[in-house]
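Engineer:
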Amino acid sequence: MNSKSPSNSHTSAYSLSRQLGVYFLLAIVFVVGLLLVLNQLAGLMGTATQEAQAVDIANNSISAALSEEPPQLDSSKTTDASSGLVLGHVMEGLLRMDLKDRLGPAIAERWDVTPTHATFWLRKDAKWSDGQPITAADFIFAWQLALKPETGSEYASLLYPIENAEAINSGELPTSALGLSAPDPQTLVVKLARPMAFFDKLVVFPTFLPIREDFYKATQGRFGSDAEELLYSGPYVIKNWVHGASMLLERNPHYWDSTRGKLAQVNFAYITSDATATLNFFKDKRIALAGLQAENLTEALRLKWPIRRFADGTVFYMEFNHRVDRLSRNLNFRKAIQHSLDMEELVYKVTKLPGYMPGKSLFPEWLIGVEKPLREEYPASTVDIDRAEAKAYLELAQKELGLKDFPEITLLTGDNPVSNIQSEWLQEVLKKTLGLTIKIDKQIFKQRLAKMSSGDFDLLLGGWGPDYNDPLTFGDLFASWNLNNRGRYSSETMDALILTAQSATATPDRMEAFGDIQQQLFDDVVILPMYERGITYVVHPQLKGVKRRVIGASIDYTYAYIDPDA
Amino acid sequence: MLRYTLKRLALGILTVWFIATATFFGMHAVPGDPLSSDKSTTAKIRANLEAKYGLDKPLLTQYAIYLKNISQGDFGISFTQENRQVNDIIKEHFPISAILGILAIVFAALGGILWGALTALYRNRWPDSVIMFLVILGISVPSFVIAAISQMFLVNINAFAGTTILPVGGWGTVWHMIVPAMVLGLSTMAYLTRLMRSSMLEIVNTDYIRTAQSKGLPKTRIFSRHQLRNAILPVITVLGPAIAGITTGGFVVEIVFAIPGLGRYFVEAIQQLDYTVIMGTTVFYGAFLVFMVILVDLLYGWIDPRVRINP
Amino acid sequence: MSEPSTTTWHPSPSDFAPKPKHKSADAITRPAMSYWQDAWRRLKENKRALFSLYLIIGLVTFTLAGPYLWTIDPSAQDLDQIGITPGANRNVTIAPAYQPWYGPTNELYYDDDNALGLTLVGDATSQAVRLAWKSTLRGPGSAPYSDQFNHGYVIYRTLFALEPSDAFGLPLMETKNHFFEDRLDLQPTDYYYTVVALDSQGLETGQFATIALTVKRVITILEAQQRGLTKNGAVVEGDQIELALHPFGTDYLGRDMLARLIYGGQVSLFIGIFAPLLYVLLGVIYGSIAGFMGGGIDQLMMRFADFAVALPFLLFMILLKVIFGIGPGESGVLPMLVAMVILLWPAPARLVRGQILQIREESYVSASQLLGASTNYLIFRHMIPNTMGVILVTITFQVPSAIFTEAFLSFIGMGVAPPTPSWGSMCNDGIKSMLTRPHELFFPALFISITVLAFNLLGDGLRDSLDARMRNRE
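Residue numbers (our numbering), protein chains in the order written: chain A, 79 to 644; chain B, 33 to 343; chain C, 6 to 479.
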């Protein structure tokens, strides 16, 4: 080509590149100038990440990361874990779970539940973050709000034990008909629609948090969408909420309980669902707590980090489709699968995280029965994983169904990496042991929900996290009327047991009902428990007293403190 | 010139309408809807929510209402971030993506021009080989791999130095921007380097350079006044599409570096089928790109005397 | 003005008949060479492009012939060899099947080196590591044994030797028993187990004990037979055999990386090559119709192309992926292909139209038209050959971006559905374990890089050699 190019001689290239060097310098000056301008711009927009330091001893402050941004913090409508975490710090309701996970007083000093009524006596020194006292009226307003049909609260059904609640929620009665009364500002009397021995356990849930009417109305429909659109009753207030970026919590000066809120600031400096990024922030000493994935364990061990584990109380299971035209309606088919899936292999070899426990029951291990854990009082039945037996069941099913060959089975699953691994494992195991062909149907969240509701699946990977601290939060899942019973399992025995569990007043009777539900789920192979999820995480060595919770704020910093000597 | 501009603008608006329509009907064709949720709701609650968001009306009515609203610049309320306007979401998060994009483009353009010129000067000698090797790396490794690896390097550098030299992620100061912008601009820079190099080499053989040489102009003057200037022109033509690619391609960098840009919102909105946010971001980005391309075209006509726009 | 000549010439069709061929035309100095021969000659001289071409042929052969040469099933899971690196030790000992363990049955000899007398029960194998320790259930002083002082123990495990002030590693379990069985992901390597006693508050006391042990990888006879590891004849317990060979290591589910690279390559290359081929073809048809028709139709068609080109690509790619959805058991390759075709045809269409318009004005086309060439002749003799070069170059340069698009979609979780592998999704899986098992990222990334690079260099070479202007330059 153009080999005669004049710029090819050595000396000229040198002088020209010197000229280029000058341009290069100019370019750098330009870039630096541009950076300064952009810096100013970014600063002006107020979207800056708060200066994050994992543990800041001088300011008594810590930083952490949120995996997702709370969509909004209106407690009457909230549903997600991330909102639950933040609300657990900035709000307080009538009762709360204490450090030993027992039900304890909060804004209500004492309480009483009878078959007809529940009464809460509020403390006088409980104040909103603007200094006004928290009264029974604030609870009445909030609960009425959650039940209003226009609110569209997904958790309104938790309030149904209150008299007339269901009728109000369906628009048949005005909100004023709700069975709540306040004889004086410090007393809240709840009239129950039906006997409910554990009503006090329910009120821990965010839907039961107070909202003050005048403040709510002043926000003109923007309640809970920004830091200034909220009024706080908890140990912290949101000082600064930068959407998508960060959330800064600061101690609430009007909060009554001096044992909580030891840290002056809790800075949720990053919002990212990327596990690698979170871990990198921890490594860089930007955040004080980070979750670990199986892939990072070796690295964490090498760096000799203090690692913790915690079972977060969520149970994951495989659901069968019990609808009439489905293959999975056949009991022997379900038994064949039950006898081929070794959940220990799944937990010990595939998920590989120490917090996970192989699933044995719908009821996780942390639930308390009469006195001891429910699972100790009513141990779950197990099967031996046996290839020959599984095959025998499958042949039986084949005969009963009159099939020549088994068609392809559809497994509906989510689009996150964890479900990917599990469904791939499941597919391979069922192919190897039973010779079944599983089609993985991986769908984004909303499409999966649509398919779940319409019953467009044979097998389904699902899970359930507790809403309140009673076995019923799991126990009523497979009632024929429960919409979360995605496989539409329907059995009179089961429904009767659930009714007993719901309305019996004596705890032993209820627990026995749960034991029977567990057995029925096993005998009828309604679902196949896969595992109880565990969380493995690292904490900055100077940060002490972080409480992990099954219900409410999954990470609770309200009792946390900095130990400078550690 | 004015007539041309007006015509382009009118076409631009029509294009935005096309994008809005395509998105609207595409999105509603997806099975499922934003109101379905993990915990099943009763029919009554669902009906209430549908009424609130106008999903109970026939699709065409919804479309008409929607068009009316966006013509007034109102994208509605988000489904997931219930009490938040989509306009607010765009207003808060687009500037972040834009700043990152601008910086990436500047890095890419300056870097591309400089490296390209340098490789042309040192053709077939070691600076050429070294730079071209890096360029090849830049265009042949997926951006998310580069992003992840560069973040890992940042962590290790900080750990080695014992202090934060550059932040690992997040947003706010200029220090947060540098590495993500470089990662974002890398492939464009690599592309521009190649383009610049070949266009430099082509120009050396043109008549006007020969004329300038025979006139006895100093080499540096030929280089800066003729060679460099003319070689930059083709680079500028590809900047328009490059801006498009970079501003919408910010997803990866935004996810890896925890930057609260608009791209991340779009990905989340798709997962949640958040109609209004999907529509808002798509239409907004579409409009942005359409008018960016018009701007670049007009600018190009102004810079390059050979491309005078005929009225 | 003179009258027009009265002897006007009336042309007859025979006047337009081709002249008889001259046998003795002037000899041309250079040998005649078709456009393609010439291009191929110049491509051959470009070493880099030629090498890239061979590389591409090699890659395609690798993915197509690979399944016949390396017959391992890419979705078969070897759960004994999860995430192993290439060349890892494959020795395994035959052992009896795992039996549940409910604590030590007989009196054990406890190691007195540590306060808790932590000791290993039985062999440490990859099936289970069984530990037992002495009871510390004693009150202050010499108070008698009582369960009320048992506040439980925490068992830790780590891979690295412990220094005095180190954290103990991975907490495996809290228990009130005096034994513990670990089955979690045991690899044939050294482990350090620590048991710490808890106080009444559930906090760790200073009382702890650590033991080091080496885990031996074992397999049962049944498992060995099922996996076809017993090559010839029977094996008995205690025998050493070798696990299956994985030359490129395995992934997070113990699947063979080489097999996955081969099958993943099929997906990535299929999308990478066919998507550009299809949308460029569509664009060519659309563009040549528009260019050839001209006038109003051209205007209309090009306006529509302008609309389509304005759709933000990645946003619509994601949107279309969701709209098409992936049915159960489908790999999701086809929706991706269709989405790319829908979104990317306008650019080549514009390019081809521009070319056609340009060629239409060329004097050789006018000449040929004057000579009465039919439309078909014009299209096939002039238009297509003269745009072919541009089209080929465009396709070549579009391959890398199609491969990257697939990888990007995998990154945000919208790529091919599991268990179908693709290089992009393998990269995305590999990133998570980048620090501990770099081979899971390295190999797919390397394959993507090589492919992209080869297509880029080939594209450069093609552009140079197909450029007709370069024809006379040497």
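Ideal placement from N, C-alpha and C gives every residue a C-beta, glycine not left out.
List, in chain order, every chain A residue whose beta-carbon is nearer than 8 Å to that of aspartate 65 of chain B.
Structural biologist: Under the 8 Å cutoff, chain A gives Lys524 and Ala528.
Engineer: With three or more C-beta pairs closer than 8 Å as the rule, is the region 183–190 of chain C touching the region 222–235 of chain C?
Structural biologist: Too few Cβ pairs lie closer than 8 Å, so no.
Engineer: Measure the CB-CB distance between tryptophan 206 of chain A and alanine 186 of chain A and report whether it falls below 8 Å.
Structural biologist: No, the Cβ-Cβ distance between tryptophan 206 of chain A and alanine 186 of chain A is not below 8 Å.
Engineer: Would you check if the distance between the CB atom of tyrosine 317 of chain B and the CB atom of proline 317 of chain C is smaller than 8 Å?
Structural biologist: For tyrosine 317 of chain B and proline 317 of chain C, yes; Cβs fall inside 8 Å.
Engineer: When you check each C-beta in the region 316–341 of chain A against every C-beta of chain B, which residues fall closer than 9 Å?
Structural biologist: Cβ contacts with chain B: Val320, His321, Gly322, Ala323 and Ser324.
Engineer: Give me, in chain order, the residues of the same chain whose beta-carbon lies closer than 6 Å to that of lysine 520 of chain A; leave out the 5 immediate sequence neighbours on both sides.
Structural biologist: Correct list, in chain order: Thr491 and Asp493.
Engineer: For a contact meaning CB atoms closer than 8 Å, what does methionine 209 of chain B contact in chain C?
Structural biologist: Chain C residues near methionine 209 of chain B: none, gap ~21 Å exceeds 8 Å.
Engineer: Any beta-carbon of chain A closer than 8 Å to the one on leucine 224 of chain B?
Structural biologist: Answer no: the Cβ-Cβ gap between leucine 224 of chain B and chain A never drops below 8 Å.
Engineer: Considering only the alpha carbon of each residue, which of A/Asp278, A/Ser581 and A/Leu144 lies closest to leucine 181 of chain A?
Structural biologist: The candidate whose alpha carbon is nearest that of leucine 181 of chain A is A/Asp278.
Engineer: Leaving out five residues on either side along the sequence, give the residues of the same chain with a beta carbon under 7 Å from the beta carbon of proline 390 of chain C.
Structural biologist: Same-chain partners within the cutoff: Tyr40.
Engineer: What is the C-beta distance between glutamate 242 of chain C and proline 101 of chain C, in whole angstroms, given that I count them as a contact (C-beta under 8 Å)?
Structural biologist: That belief holds up - the Cβ atoms of glutamate 242 of chain C and proline 101 of chain C are roughly 6 Å apart, short of 8 Å.
Engineer: By Cβ distance, which residues of its chain are closer than 6 Å to glutamate 445 of chain C, with the 5 residues on each side in sequence left out?
Structural biologist: The residues are Asp256, Gly435 and Ser438.
Engineer: Could you check the C-alpha separation between phenylalanine 523 of chain A and isoleucine 291 of chain B for me, to the nearest Å?
Structural biologist: The straight-line gap from Cα to Cα measures roughly 23 Å.
Engineer: Our contact map puts isoleucine 174 of chain C next to isoleucine 385 of chain A with C-beta atoms below 8 Å; I'd like the distance itself, whole angstroms only.
Structural biologist: A quick correction: the sequence has glycine, not isoleucine, at residue 174 of chain C. 7 Å between Cβ atoms; contact.
Engineer: Would you identify the three-state DSSP class for alanine 102 of chain C, choosing helix, strand or coil?
Structural biologist: Correct three-state label for alanine 102 of chain C: coil.
Engineer: Pull up the CB-CB distance for glycine 433 of chain A and proline 544 of chain A, whole angstroms please, since I reckon it's below 8 Å.
Structural biologist: With a Cβ gap of about 16 Å, glycine 433 of chain A and proline 544 of chain A do not count as contacting.
Engineer: Using alpha carbons as the reference points, say which of A/Ala468, A/Gly533 and A/Asp464 lies closest to threonine 488 of chain A.
Structural biologist: With distances taken between Cα atoms, threonine 488 of chain A lies closest to A/Gly533.
Engineer: DSSP beta-bridge partners for methionine 589 of chain A?
Structural biologist: Looking at the DSSP assignment, methionine 589 of chain A forms no beta bridge with any residue, so it has no partner.
Engineer: Buried or exposed: which applies to alanine 51 of chain A, given that a residue is buried once 16 or more other Cβ atoms fall within 10 Å of its Cβ?
Structural biologist: Here chain A covers residues 79 to 644 and nothing more, so residue 51 of chain A does not appear.
Engineer: Could you spell out where the beta strand (DSSP E) holding tryptophan 542 of chain A opens and where it closes?
Structural biologist: First-last of the beta strand (DSSP E) with tryptophan 542 of chain A: 537–542.
Engineer: Counting only Cβ pairs nearer than 9 Å, list the residues of chain A close to phenylalanine 185 of chain C.
Structural biologist: Near phenylalanine 185 of chain C there are no residues of chain A at all, since even the closest Cβ is about 12 Å away, more than 9 Å.
Engineer: CB valine 164 of chain A to CB glycine 630 of chain A, shorter than 8 Å?
Structural biologist: Not closer than 8 Å, so no.
Engineer: Is it true that the CB of tyrosine 471 of chain A sits closer than 8 Å to the CB of asparagine 410 of chain A?
Structural biologist: In contact: asparagine 410 of chain A and tyrosine 471 of chain A (Cβ atoms closer than 8 Å).
Engineer: Let me know if isoleucine 62 of chain C comes out buried or exposed under the rule of 16 or more other beta-carbons within 10 Å of its beta-carbon.
Structural biologist: By the 10 Å Cβ count, isoleucine 62 of chain C comes out exposed.
Engineer: Quick one: what's phenylalanine 394 of chain A bridged to in DSSP?
Structural biologist: According to DSSP, phenylalanine 394 of chain A bridges with A/Gly541 and A/Tyr609.
Engineer: Helix, strand or coil, according to DSSP, for glutamine 343 of chain A in the structure here?
Structural biologist: Three-state DSSP puts glutamine 343 of chain A in a strand.
Engineer: Take every Cβ of the region 354–370 of chain A, pair it with every Cβ of the region 411–422 of chain A, and state whether three or more of those distances are shorter than 8 Å.
Structural biologist: Flag = no, the region 354–370 of chain A and the region 411–422 of chain A do not touch.
Engineer: Exposed or buried, what is aspartate 208 of chain A when buried is set at 16 or more other beta-carbons lying within 10 Å of its beta-carbon?
Structural biologist: So aspartate 208 of chain A counts as exposed.
Engineer: Since tyrosine 297 of chain B meets chain A, which of its residues come closer than 9 Å, beta carbon to beta carbon?
Structural biologist: Gly322, listed in chain order.
Engineer: At the 8 Å Cβ level, is methionine 475 of chain C part of the contact set with chain B, yes or no?
Structural biologist: Unreliable placement is indicated for methionine 475 of chain C, whose pLDDT of 46 sits below 50; the coordinate value is still reported in the next sentence. By this cut-off, methionine 475 of chain C is not an interface position.
Engineer: Can you list, in chain order, the residues of its chain whose CB lies under 6 Å from that of glutamine 291 of chain C, leaving out five sequence neighbours each side?
Structural biologist: What sits at residue 291 of chain C in the sequence shown is tyrosine, not glutamine. Ala354.
Engineer: With distances taken from CA atoms, which of C/Gly464, C/Asn461, C/Leu319 and C/Arg358 is nearest alanine 412 of chain C?
Structural biologist: Nearest C-alpha to alanine 412 of chain C: C/Leu319.
Engineer: Using a Cβ-Cβ cut-off of less than 9 Å, give me the residues of the region 244–273 of chain B that come near chain A, in sequence order.
Structural biologist: So the list reads Gln245, Lys251, Thr252, Ile254, Phe255, Ser256, Gln259 and Leu260, given in the order they occur along the chain.
Engineer: Please classify leucine 116 of chain A as buried or exposed, where buried requires at least 16 neighbouring CB atoms within 10 angstroms.
Structural biologist: Buried.
Engineer: Check for me: the alpha helix (DSSP H) holding methionine 59 of chain B runs from which residue to which?
Structural biologist: Run containing methionine 59 of chain B: 34–60, per the alpha helix (DSSP H) assignment.
Engineer: Would you verify that the beta carbon of glycine 144 of chain C is, or is not, closer than 8 Å to some beta carbon of chain A?
Structural biologist: Only weak support exists for where glycine 144 of chain C lies, its pLDDT of 49 falling under 50; the coordinates are left without a value.
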